[in-house]
Amino acid sequence: MTITVPDSSQKHQRREHALMLALVSPALLVILALIVLPVGWLAWQSIYHDGFTLENYRRVFTEDIYWRSFALTFEISLAVTVIALLLGYPVAYLANAVPKGWSILILSLVVLPFWTSVLVRAYAWLALLQRTGVINQFLRYLDVISEPLALVHNTFGTVVATVHILLPFMVLPLYATMQKIPGDLMQAGASLGASPSLTFFRVFLPLSLPGVLAGCTMVFVLCLGFYITPELLGGGRTVMVSMLVSRNVELYNQFGAASAVAVVLLLSVLLIFFAVSRFISLDRVLGQK
Amino acid sequence: MTTTRNFGLGFAVLGAIGFTTAADAAEQITFVSQGGAYQAAQTVAILDPSAKKLGITINQDSIPDAWPAIKTQVGSGKPIWDVVDTPTGNCLRGGEQGLIEKLDFSKIPNGAAMPEAYRSPYSVSYEFYSSVLSYSQKTFPKDAPNSWADFWDVKKFPGRRALRNHPFATLEAALMADGVAPDKLYPLDVDRAFKKLEEIKPHITVWWTSGAQSAQLLNDGEVDMEMAWNGRVSAVAKEGAKVSFTYNQGVLQSTSLCILKGAPNLETAVKFLNEAVDPVHQANLPLNIDYGPGNPKAFETGVIKPERAAQLPSEPANAAKQALMSYAWWSSPAGEAAEKRWASFMQK
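In the order they appear, the protein sequences are chains P and E.
Each residue of the first sequence is one higher than the last, beginning at 110 in my numbering.
Each residue of the second sequence is one higher than the last, beginning at 14 in my numbering.
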């Protein structure tokens, strides 16, 4: 009797695994057909065009417009990540500190913009930031400025709108991590005579670092591929890598020229994930645990 | 987040799976244009009447930039589209690269009757639009800028400016600002054009990428003058904004009809192509939208009233004030090199 129990449970487990596999297989097939195959096809195009060629990569690595775009993209992503962290941390902290009802309200406000299209939000920022926009008109009404400020059609406007769009990706992992920090630890710190700020910096902040890293990675990586906000708010001068991808299709009349740029970007993202995974489990970055 | 990438992937899948259309007994074609109000206007003026007259079914599709799709569809060996309405340059370079069918003009009498400048071995002009100098009437109630030299003159005409983030028409405008006559532009002196553009670059607030964006800039007063497509400016003016434009030194551009190489319904496609440039159908187009007919004979049909004709970019008197874009030059190696140079000009 004692032997058959693990046997049947093993069999049961195997059957369950098979069932699970059957259940996810449509999704896997869709991913394979719609993502893996086309991406592979595009990558192939970047090295094969009437014979093997590294021409597309030579261009990416030698012409300085690519270098400028990659540098600008990383600069913008870094700026967006830092600003999102500075804005997002207090929000997540507050949501974690207040009673349940309030935290639900705060998180809903964070997530609410998700339901509005990125395009609409970009246009909303245009209405706020442009020369005749709300902010400039208000400042002129107050007589703070005499000439309208150039708040949009440049990198500044791009960063502002991108931060707004990516902020939830910072707040949610931070909140998830903070939720798991036992409140007793703060009380313990206080009972030992530490000031609230000392407990925060010595206990809470270090414990929330995995969330910081997770949020920063998400925001940074997503920002690397941003297209709509720099296109609409960058005034044509803010050329991020994703825009090079689209422009290369037009310019070189073949997908290879564009996919080489995409492949280099993809590899940089994988490199970042790899580097981050050495410090923290990827499951955590992707918000599973 | 990356619309363009998704777009590319979509077509990659079409290519990978090898899309096929259901072969139907009734004659039909798939016609592709650029969507929006423009395609709606064609449907009323040209597509529905043509379908009725020929007794065929016209399936419509739309895409903002047909070029990548033409490449992928023909490359896959099984195109699903027959006729595309696309900027003339796409038809020309497509023809040279074996992606577009060579036309037999003996089967296209309406096209054969059009002046040489309005057709190519691969295409016939379908409609005209113009890249014009537009301006805010609030900023310039009188003495408005009237030439590209004025646009470049930041002292005499102070104000914020926008240009299209594309070399087409922009290089032509720069050369006209530098004193080149509209009919002496081609082959473009690319070095001279870029040198002139460097001059105005610090004064350009926005380099716009879409027609909608150019309209919004003008409508919101974000810029005081810009290069824009005539139809966009008149649409903004119709909504009540104080804006206007001049056809003087405009750059007359066209889209053309061409047929994909190996199109599934080639014979019907040729028949449709001939019908679509019929002078009367063509004359009906500007009654529905602010674009000029591709077939100049449309102006002789009496369908377009003289007041209306005077507003259209391809009306003979208006056309005379403008430069006619040479798509042959733009699809030549020199033109392609200039297009590539644009990217580094923008990022410098």
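We treat Cβ as the ideally placed atom computed from N, Cα and C, and that holds for glycine.
Every value quoted in this text rests on a predicted model; they were computed, and no experiment measured them.
Beta-carbon spacing of S351 of chain P, Y361 of chain P below 8 Å: Remark: C-beta atoms of S351 of chain P and Y361 of chain P do not approach each other more closely than 8 Å.
Reference Y166 of chain P, options P:S226, P:V372, P:V378, closest by Cα: Measuring from the Cα of Y166 of chain P, the nearest candidate turns out to be P:V372.
Buried or exposed by the 16-neighbour rule on C-beta atoms within 10 Å, applied to Y198 of chain P: So Y198 of chain P counts as buried.
Sheet register partners of R205 of chain E (DSSP bridge): Bridge partners of R205 of chain E according to DSSP: none are assigned.
In chain order, each alpha helix (DSSP H) run of at least 4 residues that lies wholly inside the region 195 to 230 of chain P: Segments of the alpha helix (DSSP H) lying fully in the region 195 to 230 of chain P: 209 to 220.
Per-residue burial, A204 of chain P [other beta carbons within 10 Å of its own, 16 or more giving buried]: A204 of chain P should be labelled buried.
Between the CA atoms of A186 of chain E and Q55 of chain E - distance to the nearest angstrom: Their backbone Cα atoms lie some 29 Å apart in a straight line.
Exposed unless 16 or more other CB atoms sit within 10 angstroms - verdict on V243 of chain P: With fewer than 16 other Cβ atoms within 10 Å, it is exposed.
Per-residue contacts from Q360 of chain E into chain P (C-beta, under 9 Å): Near Q360 of chain E (Cβ distances below 9 Å), the residues of chain P are D173, I174, R177, S178, L181, R346, V348.
Cutoff 8 Å: H262 of chain P Cβ touching any chain E Cβ: The beta carbon of H262 of chain P falls within 8 Å of a beta carbon belonging to chain E, placing the residue at that interface.
Paired residues, beta bridge with Y142 of chain E - DSSP: DSSP, once it has assigned bridges, lists E:Q266 as partnering Y142 of chain E.
8 Å Cβ cutoff, V229 of chain P in contact with chain E: Interface with chain E (8 Å Cβ-Cβ cutoff): V229 of chain P is excluded.
Continuous alpha helix (DSSP H) assignments of at least 4 residues falling wholly in the region 293 to 334 of chain E: Here the runs fully enclosed are 319 to 322, 329 to 333.
W220 of chain E: contacting residues in chain C (beta-carbon distance under 8 Å): The structure shown has no chain C; the protein chains it does contain are P and E.
Simplified DSSP state of S149 of chain E, which is helix, strand or coil: Strand at S149 of chain E.
Euclidean distance between Cα positions of Y51 of chain E and A236 of chain P: A straight-line Cα-Cα distance of about 27 Å links Y51 of chain E and A236 of chain P.
Straight-line gap, V193 of chain E to A125 of chain E (C-alpha atoms, nearest Å): If you draw a straight line from the Cα of V193 of chain E to the Cα of A125 of chain E, it comes to about 32 Å.
Residues sharing a beta bridge with V243 of chain P, DSSP: Per DSSP, V243 of chain P has no beta-bridge partner at all.
Residue from E:S75, E:S357, E:P326, E:G68 with nearest C-alpha to K284 of chain E: Cα-wise, what sits closest to K284 of chain E is E:G68.
For L273 of chain E, the residue or residues it bridges with in DSSP: Answer is E:I113.
Nearest-angstrom Cα separation, counted from P200 of chain E out to V264 of chain E: Distance between the alpha carbons of V264 of chain E and P200 of chain E: 15 Å.
Expected contact under 8 Å - CB spacing of L286 of chain E and L270 of chain E to nearest Å: Rounded to whole angstroms, the Cβ separation of L286 of chain E and L270 of chain E is 5 Å, and the two are in contact under 8 Å.
Coarse secondary structure for L163 of chain P, derived from DSSP in three states: Per DSSP, reduced to three states, the secondary structure at L163 of chain P is coil, with no helix or strand assignment.
Inter-residue spacing [alpha-carbon to alpha-carbon] between A341 of chain E and G102 of chain E: For A341 of chain E and G102 of chain E, the distance between alpha carbons rounds to 7 Å.
DSSP bridge partner residues for T43 of chain E (one or two, in chain order): Secondary-structure assignment with DSSP links T43 of chain E through a beta bridge to E:N72.
Which of helix, strand or coil DSSP assigns to D257 of chain E: Here residue 257 of chain E turns out to be Ser, not Asp, going by the sequence shown. S257 of chain E carries a strand assignment under DSSP once its states are collapsed to helix, strand and coil.
Under 8 Å between C-beta atoms of I290 of chain P and F310 of chain P: Cβ distance not < 8 Å, so I290 of chain P and F310 of chain P don't count as in contact.
Contacting residues, own chain, Cβ-Cβ under 7 Å from A296 of chain E (five flanking each side not counted): Excluding positions up to five away in sequence, the list reads P306, A311, T314, V316, I317.
Chain E contact residues for L360 of chain P, given Cβ-Cβ distances below 9 Å: Those within 9 Å of L360 of chain P in chain E are E349, E352, K353, W355, A356.
DSSP-derived helix/strand/coil call for K387 of chain P: Checking the sequence, you will find Arg at residue 387 of chain P rather than Lys. Looking at R387 of chain P - three-state DSSP - the assignment turns out to be coil, as it is neither helix nor strand.
Reduced DSSP secondary structure (H/G/I, E/B, other) of T222 of chain E: For T222 of chain E, the secondary structure class from DSSP, reduced to helix, strand or coil, is coil.
Best match in P:S300, P:I174, P:M295 for proximity to L316 of chain P [C-alpha to C-alpha]: For L316 of chain P, the nearest C-alpha among the options comes from P:M295.
C-alpha distance - G334 of chain P paired with E349 of chain E, whole-angstrom precision: G334 of chain P and E349 of chain E have their C-alpha atoms some 27 Å from each other.
Cutoff 8 Å: Q458 of chain P Cβ touching any chain E Cβ: With chain P running from 110 to 398 in the structure shown, residue 458 of chain P is simply not present.
Residue of E:I302, E:A322, E:A332, E:K209 minimising C-alpha distance to N261 of chain E: In terms of Cα proximity to N261 of chain E, the closest of E:I302, E:A322, E:A332, E:K209 is E:A332.
Residues bridged to T99 of chain E [DSSP beta-bridge criterion]: BP columns for T99 of chain E point to E:S269.
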